[in-house]
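Peer 1: Take this structure first; my questions come after.
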Amino acid sequence: MNKSIVILGASQGIGAALVDHFAQLEDTTVIALSRNLAKMRGRFLQKNVSCHQLDISQDVHQQIAALGFASPIDILINNAGLLVNKPFPALTHQDFTESYQVNVIGIMEATQALLPQLAADAHIVNISSMGGFQGSLKFAGLAAYSTSKAALCAFTELFAEEYKATSLRMNCLCLGAVQTEMLSAAFPGYIAPTSPAEMAQFIADFALNNGSFFNGKIIPVSSSNP
Ligand SMILES: NC(=O)c1ccc[n+]([C@@H]2O[C@H](COP(=O)([O-])OP(=O)(O)OC[C@H]3O[C@@H](n4cnc5c(N)ncnc54)[C@H](OP(=O)(O)O)[C@@H]3O)[C@@H](O)[C@H]2O)c1
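So for the sequence shown, my numbering puts the first residue at 6; every next one is plus one.
Next up, the structure:
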């Protein structure tokens with residue numbers, strides 16, 4: 006049966022690799038969302054991919070209503086993210102509000118707006134970070150980013166509790182380092198052990214096959230310690 010998959014934050018990095026991965030599977034319809042429509046249209050030429058502009062930093066409900074998604078969505082991957090790397094004293098009010106708006110408030114609003122289009126047994130996968138996972142190794146400069154990613158973890162637990170009487174599932178993957186544009190900009194010169202395509206394969210397998218085994222779980226996806 007055809008599966009409809011929505012990827013939020015699809016223009017580059019892990020999100021773009023997720024679109025590539027899902028698009029080459031049989032019987033999939035992929036909806037790619039991000040601010041940069043031209044970039045997505047230039048990259049995703051597959052017939053089963055449609056690209057739409059969405060900025061989750063503002064008017065999320067109005068933008069999603071205007072897009073008018075019709076079909077039931079089987080998988081929603083909330084992958085959009087913003088990383089600000091600055092020493093704590095240098096973080097501005099705008100750094101805090103933008104980080105929280107994109108990494109948690111916009112994700113919650115997009116999820117709210119898409120709820121009516123979700124299939125009864127849809128699997129929502131939030132993409133958080135090891136920095137937002139309690140007890141993990143922390144990195145200086147990531148106070149705005151990692152606290153907002155921790156809030157995304159908490160949202161996952163709260164949503165699962167609120168919808169536990171339904172077949173909807175939400176889980177959260179806390180990723181370790183992946184070699185993307187975000188990582189290169191934040192940590193120049195650092196070489197991550199994982200490529201976007203490798204991580205996309207893991208996330209896609211998890212999203213497709215594990216919805217019935219996990220709900221409201223915060224899962225570290227990292228081979229480092231702690
Ligand atoms: N790379 C890593 O090492 C790593 C580790 C842990 C967690 N993560 C998480 O994994 C996810 C993907 O990261 P990445 O490394 O692939 O980052 P990336 O290369 O910077 O890509 C981020 C994506 O989010 C989209 N986005 C940003 N702001 C947006 C907004 N206001 N509205 C809609 N879309 C927006 C971007 O698209 P537009 O600019 O076109 O809008 C882009 O497609 C993020 O949530 C990140 O926090 C990454």
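Note that CB positions come from ideal geometry on N, CA and C, so glycine has one too.
DSSP three-state label for residue 58, please.
Peer 2: strand
Peer 1: Can you check which of these residues, 169, 140, 167, 33, is closest to residue 155 by C-alpha distance?
Peer 2: 140
Peer 1: Indicate whether the contact test is met: 3 or more Cβ pairs, each with one atom in the stretch 199-218 and one in the stretch 154-168, closer than 8 Å.
Peer 2: They do not touch, by the three-pair rule.
Peer 1: Rounded to the nearest angstrom, what separates residue 32 and residue 6 at their Cα positions?
Peer 2: Separation of residue 32 and residue 6 (C-alpha to C-alpha, rounded to the nearest whole angstrom) is 7 Å.
Peer 1: Quick one, which of 100, 74, 134 has its alpha-carbon nearest residue 91's?
Peer 2: For residue 91, the closest C-alpha among the options 100, 74, 134 is that of 100.
Peer 1: Under DSSP, the beta strand (DSSP E) around residue 24 begins and ends at which residues?
Peer 2: Counting along the chain, no beta strand (DSSP E) covers residue 24; the unbroken alpha helix (DSSP H) around it starts and ends at 18-28.
Peer 1: Could you have a look at residue 107 and say whether DSSP puts it in helix, strand or coil?
Peer 2: helix
Peer 1: Of the choices 30, 126, 182, whose alpha-carbon is the least far from that of residue 133?
Peer 2: The shortest CA-to-CA distance from residue 133 to any of 30, 126, 182 is the one to 182.
Peer 1: To test your reading of the DSSP string, which unbroken alpha helix (DSSP H) runs of 4 or more residues are found completely within the stretch 172-227?
Peer 2: Whole alpha helix (DSSP H) segments, 4+ residues: 186-191, 201-214.
Peer 1: Can you tell which of 88, 19, 185, 62 has the C-alpha that lies nearest to the C-alpha of residue 113?
Peer 2: 62
Peer 1: Are the Cβ atoms of residue 81 and residue 123 separated by less than 8 Å?
Peer 2: Their beta carbons are under 8 Å apart, which means residue 81 touches residue 123 by this criterion.
Peer 1: Between which two residues does the beta strand (DSSP E) holding residue 130 run?
Peer 2: 123-134
Peer 1: Taking only heavy atoms of ligand 1 into account, decide whether any of them is closer than 7 Å to the Cβ of residue 54.
Peer 2: no
Peer 1: Return the residue from the list 44, 149, 30 that minimises the CA-CA distance to residue 14.
Peer 2: Here the closest residue by C-alpha is 44.
Peer 1: Closest to residue 39 by CA distance: which of 167, 68, 189, 177 is it?
Peer 2: 68
Peer 1: Let me know the secondary structure DSSP gives residue 34 once reduced to three states.
Peer 2: Taken through DSSP and simplified to helix, strand or coil, residue 34 comes out as strand.
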